[in-house]
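Student:
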Amino acid sequence: MIKCDNCPLRTTLTLTQRKCLGGNTGLHKGGNPVFDSKSKYLVIFLSFLLVIIIAGCGTDTEEKAESEQIREVKHAMGVTKIPGTPKRVVVLTNEGTEAVLSLGIKPVGAVHSWSGNPWYKHIAKEMKGVAVVGDESQPNIEKIASLKPDLIIGTQFRQEKAYKQLSQIAPTVFSETLRGDWQENFSLYAEALNKKEEGKKVLADYEQKIADGKKKLGSKLKEEVSIVRFMPGKVRIYHKDSFSGVLLEDLGLARPKPQDKDGLASDITKERIPDMDGDILFYFVWEGKENSSEVAEVAQDWMKDPLWKKLNVVQKDRVYQVSDDTWNTSGGVISAKMMLEELLQYFSK
1 MIKCDNCPLR TTLTLTQRKC LGGNTGLHKG GNPVFDSKSK YLVIFLSFLL VIIIAGCGTD
61 TEEKAESEQI REVKHAMGVT KIPGTPKRVV VLTNEGTEAV LSLGIKPVGA VHSWSGNPWY
121 KHIAKEMKGV AVVGDESQPN IEKIASLKPD LIIGTQFRQE KAYKQLSQIA PTVFSETLRG
181 DWQENFSLYA EALNKKEEGK KVLADYEQKI ADGKKKLGSK LKEEVSIVRF MPGKVRIYHK
241 DSFSGVLLED LGLARPKPQD KDGLASDITK ERIPDMDGDI LFYFVWEGKE NSSEVAEVAQ
301 DWMKDPLWKK LNVVQKDRVY QVSDDTWNTS GGVISAKMML EELLQYFSK
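According to full-length UniProt numbering, the residues represented by the sequence shown are 1 to 349, in order.
(1) I'd like the span of the beta strand (DSSP E) that includes Ile152, first residue to last.
(2) Per DSSP, what are the beta-bridge partners of Gly134 in this structure?
(3) Locate the alpha helix (DSSP H) running through Met231, then write down its first and last residues.
(4) Buried or exposed: where does Lys148 fall if 16 or more other Cβ atoms within 10 Å of its Cβ makes it buried?
(5) Count the other CB atoms, across all protein chains shown, that sit within 10 Å of the CB of Val100; report buried if there are 16 or more and exposed otherwise.
(6) Below 8 Å on the Cβ atoms is my contact criterion, and I expect Trp182 with Gly278 to pass it. Report the Cβ-Cβ distance as a whole number of Å.
(7) Per DSSP, which residues does Asp267 bridge with? Please list them.
(8) What are the boundary residues of the beta strand (DSSP E) that includes Gly218?
(9) Return the chain-ordered list of same chain residues with a C-beta closer than 6 Å to the C-beta of Thr155, the five sequence neighbours on each side being excluded.
(10) Thinking C-beta only, is Ile82 closer than 7 Å to Pro139?
(11) For Ser293, count neighbouring Cβ atoms within 10 angstroms of its own Cβ and tell me buried if that reaches 16, exposed if not.
(12) Quick one: measure Cβ to Cβ for Val73 and Glu191, integer angstroms, because I've assumed they're closer than 8 Å.
(13) To which residues of the same chain is His112 closer than 6 Å at the C-beta, ignoring the five residues directly before and after it?
(14) Within the same chain, show all residues whose beta-carbon is closer than 6 Å to that of Glu98, passing over the 5 residues directly before and after it, in chain order.
(15) Report back the beta-carbon spacing between Val295 and Phe230 to the nearest angstrom; my notes put them in contact at under 8 Å.
(16) My output table needs one value for Gln17: the three-state DSSP class, helix, strand or coil.
(17) Once you ignore the five residues that flank Thr329 on each side, which residues in its own chain have a CB closer than 6 Å to its CB?
(18) For the candidate residues Glu271, Val246, Ile237, whose alpha-carbon lies nearest to that of Leu281?
(19) How would you label Ala204, buried or exposed, when you count the other beta carbons within 10 angstroms and need 16 or more for buried?
(20) How would you call Asp305, buried or exposed, if buried means at least 16 neighbouring beta carbons within 10 angstroms?
(21) Between which two residues does the beta strand (DSSP E) holding residue 354 run?
(22) Just how far apart, CA to CA, sit Leu344 and Leu217?
(23) Could you name the residues of the same chain whose beta carbon sits closer than 7 Å to that of Lys310, not counting the 5 residues immediately before and after it, in chain order?
(24) Would you kindly work out how many angstroms separate the C-alpha atoms of Ile70 and Leu151, rounded to a whole number?
(25) Would you call the CB atoms of Trp308 and Ile273 closer than 7 Å?
(26) Lys316 to Ser348, Cα distance in whole Å?
(27) Roughly how many angstroms separate the alpha carbons of Glu95 and Val225, rounded to a whole number?
(28) In the DSSP output, what is Ile334 paired with across the bridge?
(29) Do you know how far the Cα of Glu271 is from the Cα of Tyr189?
(30) Where does Gly199 fall in DSSP's three states?
(31) Suppose you measure from the CA of Ala254 to the CA of Phe186; what does that come to, to the nearest Å?
(32) Pull the bridge partners of Thr172 from the DSSP assignment, please.
(33) Grouping DSSP H, G and I as helix and E and B as strand, with all else coil, what is Ile318?
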């Protein structure tokens with residue numbers, strides 16, 4: 001072995017290696033400029049390649065660690081262990097479907113919307129190709145299993161009896177109830193999906209829209225907002241714990257005294273039509289797949305009643321029909337933002 005003092009790397013070479021490189025030892029020792037230049041670039045290239053390999057190994061290690069990470073999520077039915085970030089998600093609530101979509105995830109399966117074929121109009125495009133797995137009240141267990149999900153999102157309110165079967169298919173997380181404080185459920189779903197930070201951004205955006213809405217409304221926040229729904233064979237006034245009621249409360253809008261109470265809603269008879277009065281009234285009609293003509297007749301019948309015609313809000317012509325989908329049944333973050341935008345438009349009239 002012979003050490004080359006002139007080589008910038010002070011390389012130790014065998015005689016054979018030196019002959020291969022320069023034909024004799026003098027070529028290297030004498031400072032062959034071609035060899036010296038190529039050696040430098042070769043070393044730089046190899047060093048760069050080594051850095052890339054090490055970085056790649058680090059990325060692979062991080063991804064593997066993330067996929068192997070087990071998270072424990074507390075929910076209505078207990079604690080569920082969820083590995084990594086779910087990729088194949090099945091959703092068994094309409095509000096859950098909106099939550100998943102708003103977090104940038106397209107579910108592999110979901111219960112069909114309460115109206116639409118099979119999805120609400122405002123999410124139909126995003127839900128194209130998603131498998132239908134029954135409805136909220138009766139999810140199709142076999143269909144869900146066939147999709148091989150790695151996470152199932154549902155609710156104790158409607159699917160408690162199916163929880164055991166569902167949890168045998170995949171990790172399953174249930175909210176306790178629906179429609180009221182949807183933001184609490186949204187945060188639960190975001191945690192289950194390993195999207196907590198993204199979830200915080202979605203809620204922060206909603207809160208900013210609420211703050212902007214308050215500024216736009218100004219003194220109009222004192223106006224009492226009445227919410228009414230016409231259904232097959234019944235009519236309801238909605239309270240603070242309804243989907244629309246939560247948004248009105250977030251804005252700080254006033255409610256008529258008969259509606260300014262906890263709970264979802266009250267079924268009323270015609271004798272209680274005066275409880276519908278307010279400064280502005282929004283009503284929605286059940287837009288389900290059946291009985292649409294029957295519901296239309298119910299609404300028309302009530303609006304012909306003398307008590308209805310005597311309402312101050314009717315005489316001031318401040319009664320507006322809005323979508324049952326976005327103002328009531330869908331119950332998610334996408335609908336909340338749509339409802340807020342529509343509400344502000346009506347108040348600007």
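Idealized CB from N, CA, C, for every residue including glycine.
Tutor: Straight from the coordinates:
(1) Residue mapping note: residue 152 aligns to position 152 of the sequence shown, counting from 1. Its beta strand (DSSP E) spans residues 151-155.
(2) On the sequence shown, position 134 is the one that residue 134 refers to. Beta-bridge pairing links Gly134 to Pro139.
(3) Along the sequence shown, one-based indexing puts residue 231 at 231. Careful: Met231 lies outside any alpha helix (DSSP H), inside the beta strand (DSSP E) at 225-231.
(4) Stepping through the sequence shown from its first residue, residue 148 is reached at position 148. Per the 10 Å Cβ criterion, exposed.
(5) Residue mapping note: residue 100 aligns to position 100 of the sequence shown, counting from 1. It is buried - the Cβ of Val100 has at least 16 other Cβ atoms within 10 Å.
(6) One-based indexing of the sequence shown puts residue 182 at position 182. One-based indexing of the sequence shown puts residue 278 at position 278. In fact, because the Cβ distance is near 23 Å, the residues do not count as touching under 8 Å.
(7) Locating residue 267 in the sequence shown gives position 267, counting from the first residue. Paired residue(s): Arg236.
(8) Reading the sequence shown from its first residue, position 218 is the one you call residue 218. Following the DSSP letters along the chain, one finds Gly218 in no beta strand (DSSP E), marked with neither H nor E.
(9) Position 155 of the sequence shown, counting from 1, holds the residue named residue 155. Taking C-beta separations shorter than 6 Å and ignoring five residues to either side along the sequence, the partners of Thr155 in its chain run Thr93, Phe174, Ser175, Leu178, following chain order.
(10) Against the sequence shown, residue 139 aligns to sequence position 139. Against the sequence shown, residue 82 aligns to sequence position 82. Judged by beta-carbon spacing, Ile82 lies beyond the 7 Å limit of Pro139, meaning their Cβ atoms are not closer than that value.
(11) Position 293 of the sequence shown, counting from 1, holds the residue named residue 293. By the neighbour-count rule (16 or more Cβ atoms within 10 Å), Ser293 is not buried but exposed.
(12) Taking the first residue of the sequence shown as 1, we reach residue 73 at position 73. Taking the first residue of the sequence shown as 1, we reach residue 191 at position 191. Between Glu191 and Val73 the Cβ distance is about 6 Å, and since that is below 8 Å, they are a contact.
(13) On the sequence shown, position 112 is the one that residue 112 refers to. Cβ contact annotation for His112 (same chain, cutoff 6 Å, sequence separation greater than five): Pro118, Val132, Asp135, in chain order.
(14) Taking the sequence shown and counting its residues from 1, the one referred to as residue 98 is at position 98. Taken in chain order, the residues that qualify are Gly332, Val333, Ile334.
(15) Counting from 1 along the sequence shown, the entry for residue 295 is found at position 295. Counting from 1 along the sequence shown, the entry for residue 230 is found at position 230. With 8 Å as the limit, Val295 and Phe230 qualify as a contact, their Cβ atoms being about 6 Å apart.
(16) Reading the sequence shown from its first residue, position 17 is the one you call residue 17. Bear in mind that a pLDDT of 44 at Gln17, under 50, signals an unreliable position, so the model cannot answer this.
(17) On the sequence shown, position 329 is the one that residue 329 refers to. In chain order, Trp114 place their CB closer than 6 Å to the CB of Thr329, counting only its own chain and leaving out the 5 sequence neighbours on each side.
(18) On the sequence shown, position 281 is the one that residue 281 refers to. Leu281 has its Cα closest to that of Ile237, out of Glu271, Val246, Ile237.
(19) Numbered from 1 along the sequence shown, position 204 holds the residue referred to as residue 204. Its Cβ having fewer than 16 others within 10 Å, Ala204 is exposed.
(20) Counting from 1 along the sequence shown, the entry for residue 305 is found at position 305. By the 10 Å Cβ count, Asp305 comes out exposed.
(21) A query on residue 354 cannot be resolved here, the shown segment of the chain reaching from 1 to 349 and no further.
(22) The residue you call residue 344 lines up with position 344 of the sequence shown. The residue you call residue 217 lines up with position 217 of the sequence shown. Put simply, the backbone Cα of Leu344 is about 7 Å away from that of Leu217.
(23) The residue you call residue 310 lines up with position 310 of the sequence shown. Around Lys310: no qualifying Cβ.
(24) For the purposes of this step, residue 70 is identified with residue 70 of the sequence shown, where counting begins at 1. For the purposes of this step, residue 151 is identified with residue 151 of the sequence shown, where counting begins at 1. The straight-line gap separating the alpha-carbon atoms of Ile70 and Leu151 is approximately 13 Å.
(25) For the purposes of this step, residue 308 is taken as the residue at position 308 of the sequence shown. For the purposes of this step, residue 273 is taken as the residue at position 273 of the sequence shown. Yes.
(26) Reading the sequence shown from its first residue, position 316 is the one you call residue 316. Reading the sequence shown from its first residue, position 348 is the one you call residue 348. Note on geometry: alpha-carbon atoms of Lys316 and Ser348 lie some 15 Å from one another.
(27) As a position in the sequence shown, residue 95 is number 95, starting the count at 1. As a position in the sequence shown, residue 225 is number 225, starting the count at 1. Spanning the two alpha carbons is a distance of roughly 24 Å.
(28) Position 334 of the sequence shown, counting from 1, holds the residue named residue 334. Under DSSP, Ile334 takes part in no beta bridge, so it has no partner.
(29) Position 189 of the sequence shown, counted from the first residue, corresponds to residue 189. Position 271 of the sequence shown, counted from the first residue, corresponds to residue 271. Between Tyr189 and Glu271, the C-alpha separation is close to 42 Å.
(30) Along the sequence shown, one-based indexing puts residue 199 at 199. It is helical.
(31) Here residue 254 is taken as the residue at index 254 of the sequence shown, counted from 1. Here residue 186 is taken as the residue at index 186 of the sequence shown, counted from 1. Taking the Cα positions, Ala254 is about 26 Å away from Phe186.
(32) Here the question's residue 172 lines up with position 172 in the sequence shown. When DSSP reads this structure, Thr172 sits in a beta bridge with Ile152.
(33) Locating residue 318 in the sequence shown gives position 318, counting from the first residue. The question names Ile, yet the displayed sequence has Arg at residue 318. Coil at Arg318, not helix or strand.
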